[in-house]
Structures are given as structure tokens and as C-alpha cells.
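Chemist: Here's a structure for you.
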Amino acid sequence: MPTFDHLAISDLDRFVFGSAPRPLVLGDGLIIGGGDVYPELNFTLPPMTISAETMPDARAQYKEMIGDAVSRAVTLHAPGLVVEFELLPELTSTPEWGAEITAILRQALDTTAREHGLRSALRVTPNDVREFTRPPVMRHGPRWDEMMRSFDLCAAAGADLLSIESTGGKEVHDEAILGGDLMLSAFALGVLGSRDMTYLWDHIIEIARRHDVIASGDSACGFANTAMVLAEQRYVPRVWAAVIRVMSVPRSLVAFERGAVGPGKDCAYEGVYLKAITGYPMSLEGAEAACAHPSPIGNVARAVADLWSNESVQNVKLLGGMAPTVSLEQLVYATRTMNEATARGPEAVRLLRDLWSDSDRRHDPQAYVLRPDVALDLAGRIVEEDTPYRRMRRAAREALAALRRGYQEGAFALSAGEVHWLDRLSRQAEALPDDEDAFIDRVAGQLDPARVRLGEYGIGVAATR
């Protein structure tokens with residue numbers, strides 16, 4: 000299995016959208032990270048109960064969504080298209096239902112390729128239903144079995160790419176976000192989350208190899224994006240959300256160290272760092288994902304994207320048509336601009352990249368830590384360490400130092416309260432011990448066993464499996 004102890008991209012001039020040192024070549028000729036940026040469209044059902052009685056309607060809606068989307072993609076001369084199917088919990092818990100939808104999407108993409116030559120790929124992302132048991136049972140039981148069977152059946156039904164937004168450690172991290180507790184966040188991401196990623200991704204990789212499909216990547220959505228949305232609502236400081244973003248990098252990197260090869264998950268904004276470290280292509284999202292959630296990073300996230308996504312949109316009617324088709328059109332035009340810059344040459348690419356980065360970074364520290372030059376510097380420091388915990392500790396300290404420098408240099412503005420949080424978080428980061436076992440002993444005894452099963456992470460007692 001690969002290990003990452005240096006950057007795959009160290010030259011800022013090469014850290015751009017559409018180009019990755021390790022591009023992904025799919026069977027129909029679609030090359031992700033080989034020059035062009037492609038739209039990645041994600042759509043879902045409107046609010047409705049999903050049951051055996053309503054599944055005929057669900058199937059009909061997915062057939063309509065994909066049919067309209069590929070038709071519009073052909074009309075707009077899209078050079079390629081990736082479609083992501085994020086399974087709702089019910090479609091994961093009954094794996095056959097998710098596989099049925101996967102087959103519907105596969106058929107539509109294949110028909111369009113045959114009739115119109117549209118190159119495409121289908122990403123399938125089962126839901127991490129383990130979190131619906133409290134405290135979560137991570138390595139066995141009905142939820143685990145459902146999720147693994149969902150991966151298996153969807154891979155057999157036509158998925159090209161397998162992904163997940165895994166949640167190991169989230170039962171601890173939610174409290175850490177709201178409490179501004181960096182030590183607890185470090186435990187959730189650097190210890191629990193990373194251990195869960197190792198166990199989970201070994202199983203996903205095995206399923207992908209058995210079906211000859213691609214294991215793509217994970218997302219710290221439930222951690223860093225939760226913090227981002229809470230910061231947007233002013234429940235937590237923006238500098239805290241920015242630090243969590245960088246702290247999430249070592250956790251998500253585990254998937255690639257176990258064998259994932261991209262394209263990284265769209266909602267994993269840490270993908271900016273992962274691209275620099277691994278060289279694999281990444282999907283990202285921003286302004287066109289406002290249909291799913293607000294963010295302060297709608298432009299800067301474009302800077303190094305290889306796929307450009309809308310996160311997700313419900314199948315509801317807008318003035319311009321059904322929302323998934325409208326969203327597809329927005330993505331096509333956004334990627335068309337990127338590809339025109341690429342056609343004009345490296346100087347145009349770098350200019351567009353820097354315009355996007357600078358337009359966001361002065362408004363929010365979360366945008367600043369995604370600026371390509373900042374991300375390259377921090378990523379290089381993170382991989383100087385050799386374990387997820389030590390990488391996470393380094394990420395926290397270096398992110399805080401970078402934010403302090405950026406603020407002092409006038410790269411972005413902070414309120415007095417946010418500056419106070421920089422100081423408070425820095426003290427917490429410096430208190431993180433060097434020894435992981437000592438850190439585990441320090442934190443584990445303070446956790447409520449009614450909220451987290453440490454044995455499910457191989458801590459304290461023998462893991463269930």
C-alpha cells in the first residue's frame with residue numbers, strides 16, 4: 000500500500016485545476032485530471048417517505064432526473080460527465096433498492112454514450128448508516144452488513160467509482176466543535192476517525208477489486224463541513240472551522256493510503272490538500288453547491304478542481320426546469336470557463352486560479368487555508384509526520400500559525416473575538432502530547448461510554464472484530 004511522505008505536487012505553477020500527476024483513465028476514454036474539468040452532477044429525491052410502496056415513484060424520479068440531465072449535457076456539448084448517486088439511508092439499509100437505482104443510472108449513461116458519444120462515469124456513495132445506532136457500532140452488526148452489501152450490490156449494478164462520507168468519530172467530534180475543544184477534536188479525527196478509516200477502507204478496497212471498479216475516496220463532511228456550516232450560522236468561530244478543515248486532512252488521507260485512487264469526494268474540501276499530497280484527481284464544489292448548503296469558499300474551491308460538483312439538489316421544479324437539469328447547466332458553464340482557460344495556456348490557467356483564490360481569501364480564514372500556496376505549504380509540513388495522529392497534531396499547529404501570519408499580514412480580517420480564539424486554540428494545540436498512547440489514555444477515561452464504544456475502534460478493550 001502507498002505511503003505519502005512528500006508532496007506529489009510541490010510547484011505552485013503545477014497546482015492548478017484540470018491537471019493531476021496521477022490522472023484517472025476510465026474505460027470509455029474519460030480522463031479525469033488529464034486537462035479538462037468535467038461537471039459532476041449529484042441529485043436526490045424531494046422530501047418523501049421511502050418504502051416498498053413508494054419505490055416505484057422513486058425509481059421513476061431517478062429515471063427522469065438522469066434522462067433530462069444527460070439530454071441537456073448533450074445539447075450543451077459537454078465533453079464528459081460524472082454523475083454521483085448518493086444513497087439516502089433507506090436506499091442503503093435496503094441494499095437492493097440502491098442497486099436498482101444504480102442500474103437505472105448506468106443504463107441511461109450507457110445509452111447516451113452509445114447514441115451521442117458522451118463519455119461519462121457513475122460514482123455511487125452509500126450512506127454511512129452505522130451512525131444510526133447509538134452509540135455507533137462500527138465493525139459488525141446489521142448496519143455494517145447493510146452498508147457492505149450496499150457497496151457490493153451497487154458495484155455489481157454498474158458503479159464506476161465507490162465513495163463514502165464516513166462518520167467514525169463523529170459521535171465525539173460534534174461535541175468538540177460546539178465546545179471549541181481542540182483536544183477532543185484531535186481525538187475524534189486523529190485517533191477514532193483514522194482508525195475507522197483504516198478498517199472501513201480495507202473492506203471497500205476489497206469490494207472494488209472484486210468487481211473491477213474504482214475505490215475513489217472519502218470525505219470529512221460530517222466533521223469539517225459541519226463546522227463550516229455552524230460557523231456560517233455564527234455558532235462557532237470561523238478560525239475554528241478553518242483549523243478543523245486542515246486537521247481533517249490526515250483522516251481523509253487514510254483512504255488513499257489503503258488504496259483509493261480518486262477522484263476525491265466533492266464535499267471533501269480537504270481534497271485541495273489531498274491532491275497536493277497524493278497527485279490523484281479531486282472533485283470539489285463551491286458556488287454551484289449553494290443549492291445544498293451555504294459556504295464562504297465558493298470560488299477558491301475551484302482553483303485546483305478536476306471535477307466540479309453541485310453537492311446535491313432535490314428533484315423540484317424551478318422556472319428554468321427541474322432543479323437537477325438546471326444544476327447540470329450551471330456546472331457545464333462553470334467547467335467550460337475552466338477548459339477555455341486551459342486551451343489558452345498555463346498563464347491563463349494560473350490567472351483564473353488566482354482570481355478565484357483571491358476573491359474569497361480576504362473575506363474568511365476558511366478560504367485562506369484553501370488558497371493553493373497556503374495549502375501546498377501546510378500539506379508539505381503535514382506529511383513530514385508518519386502517523387495520522389502526529390499528522391493531525393502538526394496540521395493543527397501549522398494551520399494556527401499560518402492563520403496568525405495571514406492575519407498579521409492583512410490577508411484577511413478578523414474580529415477581536417476571532418483573534419482571541421486563535422490564542423485559545425493555539426494553547427490547546429501546543430498541549431497535544433507527542434505520544435499517541437499517552438494522548439489516548441488522557442482522553443479515553445473522560446469519555447462517556449454511553450456515547451462512544453471505544454472497543455469498536457480497537458481502543459481499551461479488544462475490538463469486536
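Residue 122 in the numbering used here sits at position 123 of the sequence shown, with consecutive numbering throughout.
Even glycine gets a Cβ: it sits at the ideal position worked out from N, Cα and C.
To the nearest angstrom, how far is it from the Cα of Val82 to the Cα of Ile276?
Modeler: Cα-Cα distance, rounded: 26 Å.
Chemist: Along the chain, which unbroken stretches of the beta strand (DSSP E) at least 3 residues long are found entirely within the segment 173-246?
Modeler: If we require 3 residues or more, the beta strand (DSSP E) runs fully inside the segment 173-246 come out as 213-216.
Chemist: Does the beta-carbon of Ala461 have 16 or more other beta-carbons within 10 angstroms, so that it is buried, or is it exposed?
Modeler: With a pLDDT of 41 at Ala461, under the threshold of 50, the predicted position of this residue should be treated as unreliable, and no value is reported.
Chemist: Hey, could you find the ends of the beta strand (DSSP E) Tyr37 is sitting in?
Modeler: Note, Tyr37: beta strand (DSSP E), 37-43.
Chemist: Given a threshold of 16 other Cβ atoms within 10 Å of its Cβ, counted over all protein chains shown, does Tyr456 qualify as buried or as exposed?
Modeler: It counts as buried.
Chemist: Give, in chain order, every unbroken run of the alpha helix (DSSP H) that is at least 4 residues long and sits entirely within the segment 417-452.
Modeler: Qualifying alpha helix (DSSP H) stretches, in chain order: 435-443.
Chemist: Taking DSSP as the reference, what is the three-state secondary structure of Ser308?
Modeler: Strand.
Chemist: Return the bridge partner residues of Gln313 from the DSSP annotation.
Modeler: BP columns for Gln313 point to Thr43.
Chemist: Evaluate Arg464 with the Cβ neighbour count: other Cβ atoms within 10 Å of its Cβ, from every protein chain shown; 16 or more gives buried, anything less gives exposed.
Modeler: Any reading at Arg464 must be qualified, since the residue scores a pLDDT of 40, below 50, and its modelled position is unreliable; no value is offered.
Chemist: With DSSP as the reference, identify every bridge partner of Ile84, one or two as the case may be.
Modeler: Correcting the residue identity first, residue 84 is Phe in this sequence and not Ile. For Phe84, which the question treats as bridged, DSSP gives the partners Val123.
Chemist: If I follow the unbroken beta strand (DSSP E) through Gly32, where does it start and stop?
Modeler: Note, Gly32: beta strand (DSSP E), 30-33.
Chemist: If contacts are defined as beta-carbon pairs under 8 Å, then Arg393 and Arg380 qualify, I think. What distance do you get, rounded to the angstrom?
Modeler: 6 Å between Cβ atoms; contact.
Chemist: Is DSSP giving Val248 helix, strand or coil here?
Modeler: Three-state DSSP puts Val248 in a helix.
Chemist: Between Ala230 and Ala395, how many whole angstroms is the CB-CB distance? I'm expecting something under 8 Å.
Modeler: Contact flag wrong, Cβ pair sits at about 17 Å.
Chemist: Let me know the secondary structure DSSP gives Glu284 once reduced to three states.
Modeler: In this structure, Glu284 counts as strand in the three-state DSSP scheme.
Chemist: Can you grab the Cα-Cα spacing for the pair Leu161 / Pro280, in whole Å?
Modeler: So the alpha carbons of these two residues sit roughly 15 Å apart.
Chemist: How long is the line joining the alpha carbons of Met147 and Pro125, rounded to whole angstroms?
Modeler: Spanning the two alpha carbons is a distance of roughly 9 Å.
Chemist: Quick one: grab the DSSP three-state call for Ala462.
Modeler: For Ala462, the predicted model reports a pLDDT of 40, less than 50, meaning its position is unreliable and no value from the coordinates is stated.
Chemist: With a threshold of 16 other CB atoms inside 10 Å of the CB of Val369, please say whether the residue is buried or exposed.
Modeler: Just to set this straight, residue 369 is Leu in the shown sequence, not Val. Buried: at least 16 other Cβ atoms inside 10 Å.
Chemist: Just list the alpha helix (DSSP H) runs in the segment 305-382, keeping only unbroken ones of 4 residues or longer that don't cross its boundaries, in chain order.
Modeler: Listed in chain order, they are 322-343, 345-360, 364-367, 371-381.
Chemist: Can you list the beta strand (DSSP E) stretches of 3 or more residues lying completely in the segment 150-175, in chain order?
Modeler: Runs of the beta strand (DSSP E) inside the segment 150-175: 160-162.
Chemist: Return the CA-CA distance between Leu199 and Leu318, expressed in angstroms with no decimal places.
Modeler: The straight-line gap from Cα to Cα measures roughly 43 Å.
Chemist: Under the assumption that Val212 contacts Ala154 (Cβ atoms under 8 Å), give the Cβ distance between them as a whole number of angstroms.
Modeler: With 8 Å as the limit, Val212 and Ala154 qualify as a contact, their Cβ atoms being about 5 Å apart.
Chemist: Is DSSP giving Arg118 helix, strand or coil here?
Modeler: Note: Arg118 maps to coil in three-state DSSP.
Chemist: Cα separation between Met321 and Ala72?
Modeler: Approximately 14 Å, taken between the alpha carbons.
Chemist: Starting from Pro387, follow the alpha helix (DSSP H) in both directions and report where the run begins and ends.
Modeler: Note, Pro387: alpha helix (DSSP H), 387-407.
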